[in-house]
Structures are given as structure tokens and as C-alpha cells.
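Chemist: Here you go, one structure.
Number of protein chains: 2
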Amino acid sequence: MTADRIGADGADGEPAGPRAADASRASIRAVANLAGVSPSTVSRALNSPELVNAETRRRVLECADRLGYQPNRAAQSLVLGRTRNVGLIVPDIANPFYAPFIKGVEAYFRDTEFAVFLADTDEDTATEVRLAEAMIERVDGLILCAPRMSGTRLRAVAAKTAVVLANRTSRNAPSVLLDFEPGMDQAVAHVHALGHRRCAYLAGPANSWSNKQRRRLLGAACAERGIELADLGPYEPRFTGGYRAADEVLAAGVSAAFAYNDLVALGVLSRLTARGVQVPGELSIVGFDDVPMASMTNPPLTTVAMPVNALSRAAAATMHSTLDPGAPKAPPLPPVSELATRLLIRGTTGPV
Amino acid sequence: MTADRIGADGADGEPAGPRAADASRASIRAVANLAGVSPSTVSRALNSPELVNAETRRRVLECADRLGYQPNRAAQSLVLGRTRNVGLIVPDIANPFYAPFIKGVEAYFRDTEFAVFLADTDEDTATEVRLAEAMIERVDGLILCAPRMSGTRLRAVAAKTAVVLANRTSRNAPSVLLDFEPGMDQAVAHVHALGHRRCAYLAGPANSWSNKQRRRLLGAACAERGIELADLGPYEPRFTGGYRAADEVLAAGVSAAFAYNDLVALGVLSRLTARGVQVPGELSIVGFDDVPMASMTNPPLTTVAMPVNALSRAAAATMHSTLDPGAPKAPPLPPVSELATRLLIRGTTGPV
DNA sequence: GAGGATTATGAAAACGTTTGCGGAACAGTG
DNA sequence: CACTGTTCCGCAAACGTTTTCATAATCCTC
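Chains as they are written, first to last, in my numbering: chain A, 1 to 352; chain B, 1 to 352.
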């Protein structure tokens, strides 16, 4: 029977009144004393309910609740060897392309035992590696979004912690990717259909994987259709980067421009409008990303949309399943078709 | 002398060759063995150099380096009782007003021993408290940016961890604030000077501190100048929230509108432009925040600018100094004048 | 050169958990 | 009743640090 133990309840340790919880100071030992059991039993009651008597468990839980007991995470991490944190590093929080990605990852982990560390590299490679180093000590895994660090550096990081890559490939870590090809192909076909034969690519950061990717696919699609492609840039991948691009693209004598992303496309559009240049009359513009603002300008931006939400959840799920074998396995990567990009034709493209 | 110890160097423990670091597996004990000292000495060499012999220290450091030793943070946290993490909770990462704030805080802590946990509540109060609860266990302090949680809840949080508030006051925690008054006053004076006598306030979230604050000051400034103020909303504090606001403000028969923030102002502007309404000809618009996009629209937005960067650094510094007594004390709060807002007159305000 | 002050180091306790091992109580089986 | 198996629980070790305390070695001073 457990009756005697119940009887012992109020006898030893703390007074049994409904005292206010003592501000995160209650240890597992305090709970154990109050409940008249050993710390082991408390731990088991909390973590493996099937190992303790139902009545004992009820009592332990009640005592834990009364004391406002919260297990000390440092102690748990120490013995378990896991932090139950994951890190997320993105190039720029302020870039509206990454916001949905971040939200997707955070939303995914909100319902798990994991908390996420988010950091912003300010588009700077050195900061990126410093942040990665700092995070490694505190997390079980790292989601790297469009990382710029070198391959060898990436390998070093992956050697120390679980890594999943978004928008970047590597032999050393799993990655989730967008399939740029469909959207890019549609964009070039669209521009071609409108009669454009001389176009420009407004490049983003030279060491960016997506920049290379976009340039490559664009080159191929243009070549295939006999479109001449001029390379401009690189430009800062921001709105203001588009200002400079606008002036240079005008001077380049092309009739259409593909921007590295929506921000520079929007910057180009703004600058052109300010200079009194007609869009799409004198120049057609195609963006990349479909950030929220893209649909809100005048004219609204023709752009290539990405299923960022699917991408972020895929990244999070991949990480989760490598960290916690009990996690919903799901297909480690959704079928590529889910991550296909597609062209959104709006107002900034027109006949030459 | 220490010569004998040097001689002992390669004799015991690990082979002395430049082995590759063993993937974060090296403990302080391994370093101690390799260096031929006790773990205590290694700890001291790392944390309180003045307590160990210079030569010993050099040797320890070299061994630590060779093994790629990284102290285990969980163990440190456990004994020290501090995590050396701080949490930062904001309503919405995608809101361009918060991005600079976040970056400011992250930049501040980048050069300290602290790492920052960032989370986004999606403007949802319940999520906010859940995130706060989850973070409390993992951080030494929490920076709450424009929190919406109730006062009692806030007190409960502040009882468990150090808290600093941004854009919200409370008896239970220090806060850093923007002084809305100057900017607001300038805005009303500006609109009054242009001849407007019937204006509207496009409200933000009803439970938001800044919303109340703005409404109050606006009401006072308008009353003082004999301007009639209509209350519209609340609206979602986003671009799309402005769409609905635009239609309602047109129906309200006013000649000028103060938006809760730039996003809704921009939304209004966009919707109005789409409906063919002249801005500022038929309606003048004043925003709040001076987000980057505000200067890039056509016409550019008249808005009240905030020294967000100063605000975020003040918040971070306040937190830092309460956490680490050794931190640069600085004035706990910069003089209010530094945090004053001011009106930026651009293109969306004109004579009635 | 004896004594006290100073410096450098090691041993061990402590932080708060989890978990392997073993033992006690009890149930079932022959 | 003896034996085996099961259920429940406590003891103690372990995780990797930091820090107190004690001790040995060295230095200084008269």
C-alpha cells in the first residue's frame, strides 16, 4: 500500500500549505521531500510516467505544481548531452524574403521541446561564421539559410553539430532547395514572348549560392531562346541597391531586366519612376521572391514566386527528425514539385 | 622551476602530435592531463589568468587549443547559475519597425558573452506569454519589445527573470521609451498649418501600449488646436490593414489621416492610388515609424521618425548592466532628448 | 636563517538532473 | 510453500564545470 506514504506527506519537509511558488528556486529534491519520495522517483514521474505507480505520480505532480517546480535546463543538458535548442542563421532579418522563412521555422518548433536561436549576419560572411561558432556551443543543430561561408568552413561546422542547409548545397549536410528552373524558364519565355531580345541580369552578392544559381539558369534559358544577356552588378541585395542598378541598366541599352531579387527590382522601379522613365513602356522589370511589397507597388511587380513556407517547414522538419528520432519522419524532403517556383505576371513587364 | 613540468609534458596522457581536434569532445580533464596539471588549474588559466603562473598558463592554453577545447556551457551554467543568454521577444519580425530594433540588440550583444534568443509572437498575446515562459528557463534576462501581455502576467514574468521593457511601462521592470510627444506635436501643427480641421486616427491594436499612447497625445494636440478627430479602426498594423482603413477614411469625410504606423499609412496610400484618389490632393496622410519603405513610395510618406537604434541600444545596455555588474554602466537611460521623435515632411501631406 | 606573507597548485565539494543497478514487496504458478 | 517474475522505488554514479579550502613552495624582512 501507499497509504503510509500518503500519511507521511505533511510530516517531513516543507509546511504543506499552498505557499506561493518560490521563484524558480524549487529543485527536484524539494519536490521529492514534499512528496515523501526520492528525487529519482520525481524525475521518473515527470519523464517516464509508466515507471511509477499512478497514485505516486499524481502526488508528485501535485507537489511539483505546488512548488512551481521547473526542471533546471542546464542540469538536464549536462546529463543528457542535449540542449534542446536549435539555431537559425539568416543573412538579413530585414529582408522580407527571410521573414516568412523565419516565421515558418519558429512556428514549426513552437510545438516541440525545442527553442530556436535566431541570428542575423547582416549579409556578412565573417559575422556569419562568428555567429555559427557562438551558436554551436548552445544548440543541438543549426539551420543555415543561404549561408555564404566557404565549403571547408561549412564542413567544420557540420562536424561539430547537426546542420541543415536552406538554399545552398553541400556534400556535408542535408539541404532543402527551391527549384528555380520552372519560374526562371517561365520568366524568360514571358519576356521573349513580349519581344525582348536584349536583357540584363542585375546580379546580387557574388558569393551567394542563389545568385550563381539564378545567373546560370537565366543564362541557359536566354541562350536557348536567342536572347542576349548583359551582366550588371553586383549590387547590394536591397532596395537602395536598385537605385544604382536603375541608372546602369538604362545606360546598358537593354529593354528588359531580371533583378537578383524583388528588393532591387523595387529599387529600380522606384528610381526609374523618379527619373520619369516609363515602366514597362521603356523598360520591363522582373523580380525574384514575391515579397509582400511586390504586389503593392504601382505598377505591381512581375516576379518569380517561391514557396518559402514549404521550404522553411521542410528545413525545420529535416532538422527535427535528425535531432529527435521520435519526430514525425515525413519525407525528409518534400517532392521537388512542391518547391517549384513560378512566374507571377503583373504590371512591370510589357511589349518592347 | 617549471622545467621538470615541461619535461613531463609529452610523457603522460595523449600523444603530443598535432592531432585534429576531437569534435567538441575534449573535456577540461583532457586538457589538464595533456598539460600535466589539474582541472582546477585549467579552469583558472582560462577564467582568472592572474591566479596562475604565466608559463603554466601558456602551456595550458596551448594544450586547450591543440585539443580544440570548448568549455561545456551546460556545466558552466549549472555551477554558475547563469546561462549567458538573453531573450528578445517582438510582436512581428516582418514589421520593418522592429527589424532595426532587433538588429540593434543583436549587434550590441554580439561583442559580449551573451547570445540572444529571438522570438516573434505574431502579434498574438497568448503566443507572447507562451514564448516568455519557454524563454525564462533558458535565459538570464528578457527584453520585451512592445509586449501586449497583462500587467499581472508581466509581473509574474519579471519575478522569475530580469526584464527590460521597450515601448511599454510597468512598475515591475525598467523600461526604455520613445518620447512621442515632439513628433506628434509637430505632425499636428503641420497638418493644422495646411488648413486641415477634420482629421482621423487610424487605430492599431487596441491593447497596444503605443496605440494608446499615440491616440492620447494626438487627441491632446488636436484638441489644443481645435482640430476635430475621428476614431477609425482598429486595423491590423500591416500594409493590408491599410486597405480597409483607406476605404473607411474616405467615407469618414476627413481631409487628413494619422495612421497608427507606416505600414497602414502605406497601405492606405496604395489603396487610394489604386482607387484614383489624389494624395495629398484629396487626402493627406501621416505615418509613424519612418520605415525604410516610407521614403521610397510615390509620393514619399510624411511620417514621424523614431530613434529606434538608440532605443534598442538603450534596451540592450540596460539589460546588460543589470545582468553583468561589470558591464559599462553608462547612463541606465539616455537622456530623453535622445529618444525624441520628430516629423519628417515628405509628399503625402498638402494643403486641404 | 627563522618566521610570516605571498604565490601556485591540487583535492574535493557543489550545481541539479537522469539512469543503471539492486532490493523489497507483491502476484502468480506449480 | 517455494520459486519466479513483475512492479515500484531508492541509492549512487555520472555529466563537466567552478570555487573553497588546504598545502607546498617561494619570497621577503629583519
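Heads up, the beta-carbon is just placed ideally off N, CA and C, and yes, glycines get one too.
Taking only beta-carbon atoms, is ASP22/B less than 8 Å away from chain A?
Modeler: Any reading at ASP22/B must be qualified, since the residue scores a pLDDT of 44, below 50, and its modelled position is unreliable; no value is offered.
Chemist: Between ARG346/B and chain A, is the shortest Cβ-Cβ distance under 8 Å, so that the two count as touching?
Modeler: No, ARG346/B lies away from the interface with chain A (no Cβ there is under 8 Å from its Cβ).
Chemist: Whose C-beta lies closer than 7 Å to the C-beta of ASP289/A among residues of the same chain, with five residues either side of it excluded?
Modeler: Same-chain partners within the cutoff: PHE97, ASN261, ASP262, THR303, MET306.
Chemist: Under 9 Å, CB to CB, which of the residues in the region 27 to 47 of chain B have a partner in chain A?
Modeler: For the region 27 to 47 of chain B, which is checked against every Cβ of chain A, not one residue is closer than 9 Å.
Chemist: Would you say ASP120/A faces chain B, with C-beta separation under 8 Å as the test?
Modeler: Closer than 8 Å: yes.
Chemist: Given a cut-off of 8 Å, decide if PRO182/B and ARG346/B are closer than it, judged by their beta-carbon atoms.
Modeler: No. Outside cutoff.
Chemist: Hey, is LEU70/A's beta-carbon within less than 8 Å of any beta-carbon in chain B?
Modeler: Here residue 70/A is Gln; the residue named in the question, Leu, does not match the sequence. So, interface residue.
Chemist: Taking any Cβ of chain B, which residues in the region 293 to 315 of chain A have a Cβ under 7 Å from it, in chain order?
Modeler: Listed by position, the residues of the region 293 to 315 of chain A near chain B (Cβ gap below 7 Å) are MET293, MET296, ASN298.
Chemist: Can you pull the chain A neighbours of ARG73/B, defined as C-beta to C-beta under 7 Å?
Modeler: Per Cβ cutoff of 7 Å: GLU137, ARG138.
Chemist: Indicate the three-state DSSP secondary structure (helix, strand or coil) for ILE136/B in the structure shown.
Modeler: Three-state result, ILE136/B: helix.
Chemist: Touch check for the region 157 to 176 of chain B and the region 222 to 234 of chain B: three-plus C-beta pairs under 8 Å?
Modeler: With a cut-off of 8 Å, the region 222 to 234 of chain B and the region 157 to 176 of chain B do not count as touching, because too few Cβ pairs lie within range.
Chemist: How many Å lie between LEU272/B and ASN95/A at the Cα?
Modeler: C-alpha separation (whole angstroms): 26 Å.
Chemist: Quick check on DSSP: helix, strand or coil for ASN53/B?
Modeler: ASN53/B falls in the coil class under three-state DSSP.
Chemist: Who are the neighbours of ALA99/B on chain A, taking C-beta pairs under 8 Å?
Modeler: Residues of chain A passing the Cβ test: ILE93, ALA94.
Chemist: Taking C-beta pairs closer than 8 Å, name the residues in chain A that ILE102/B reaches, listed in chain order.
Modeler: Correct list: ILE93, ASP120.
Chemist: Quick one, which residues of the region 233 to 251 of chain B are near chain A if we go by CB-CB under 7 Å, in chain order?
Modeler: Within the region 233 to 251 of chain B, the residues whose Cβ lies closer than 7 Å to some Cβ of chain A are PHE239, listed in chain order.
Chemist: Give the DSSP-derived three-state secondary structure of PHE288/A in the structure shown.
Modeler: DSSP places PHE288/A in strand when its eight states are reduced to three.
Chemist: At which residues does the alpha helix (DSSP H) containing THR273/B begin and terminate?
Modeler: Here the alpha helix (DSSP H) through THR273/B covers 262 to 275.
Chemist: Indicate the three-state DSSP secondary structure (helix, strand or coil) for THR125/A in the structure shown.
Modeler: Helix.
Chemist: If you measure from the beta carbon of THR322/B to each beta carbon in chain A, is any gap under 8 Å?
Modeler: Not an interface residue.
Chemist: Tell me whether PRO49/B is buried or exposed, calling it buried when 16 or more other Cβ atoms sit within 10 Å of its Cβ.
Modeler: With fewer than 16 other Cβ atoms within 10 Å, it is exposed.
Chemist: Taking its Cβ as the centre, do 16 or more other Cβ atoms sit within 10 Å of SER40/A, making it buried, or is it exposed?
Modeler: That one is exposed.
Chemist: Can you tell me the Cα-Cα spacing of GLU236/A and ARG214/A, whole angstroms?
Modeler: So the alpha carbons of these two residues sit roughly 16 Å apart.
Chemist: Straight-line CA distance for ARG356/B to ARG138/B?
Modeler: Because chain B here runs from 1 to 352, residue 356/B falls outside it and cannot be looked at.
Chemist: Quick one: Cα of GLY350/B to Cα of SER255/B, how far?
Modeler: Using only the alpha carbons, I get a separation of about 10 Å.
Chemist: Cα separation between VAL90/B and THR112/B?
Modeler: If I take the Cα positions, the gap works out to 21 Å.
Chemist: Helix, strand or coil for VAL304/B? Go by DSSP, reduced to three states.
Modeler: Here VAL304/B sits in strand by DSSP.
Chemist: Shortest alpha-carbon distance to ALA245/B belongs to which of TYR201/B, ALA223/B, LYS212/B?
Modeler: Considering only alpha carbons, the answer is TYR201/B.
Chemist: Taking the alpha carbon of LEU194/A as the point to measure from, which residue in SER150/A, LEU283/A, LEU311/A has its own alpha carbon closest?
Modeler: Cα-wise, what sits closest to LEU194/A is LEU283/A.
Chemist: How would you list, in chain order, the residues of chain A whose beta-carbon sits under 8 Å from the beta-carbon of THR273/B?
Modeler: Here the neighbours are ASN298.
Chemist: Report the rounded CA-to-CA distance for PRO147/A versus ALA203/A, giving the unit in angstroms.
Modeler: Taking the straight line from one Cα to the other gives about 17 Å.
Chemist: Comparing the C-beta of SER175/A with each C-beta of chain B, is any distance below 8 Å?
Modeler: No - not a single Cβ of chain B is within 8 Å of the one on SER175/A.
Chemist: Which chain B residues are close to LEU67/A, counting only those with a beta carbon under 9 Å from its beta carbon?
Modeler: Within 9 Å Cβ-Cβ: nothing; LEU67/A doesn't reach chain B, min ~14 Å.
Chemist: Counting contacts by CB-CB distance shorter than 8 Å, is THR83/B in contact with chain A?
Modeler: Chain A contact via Cβ: present.
Chemist: Which residues does DSSP list as the beta-bridge partners of VAL90/A?
Modeler: VAL90/A pairs with ASP120/A.
Chemist: Quick check: the Cα distance between MET296/A and SER270/B, rounded to an integer number of angstroms?
Modeler: One C-alpha to the other measures close to 7 Å.
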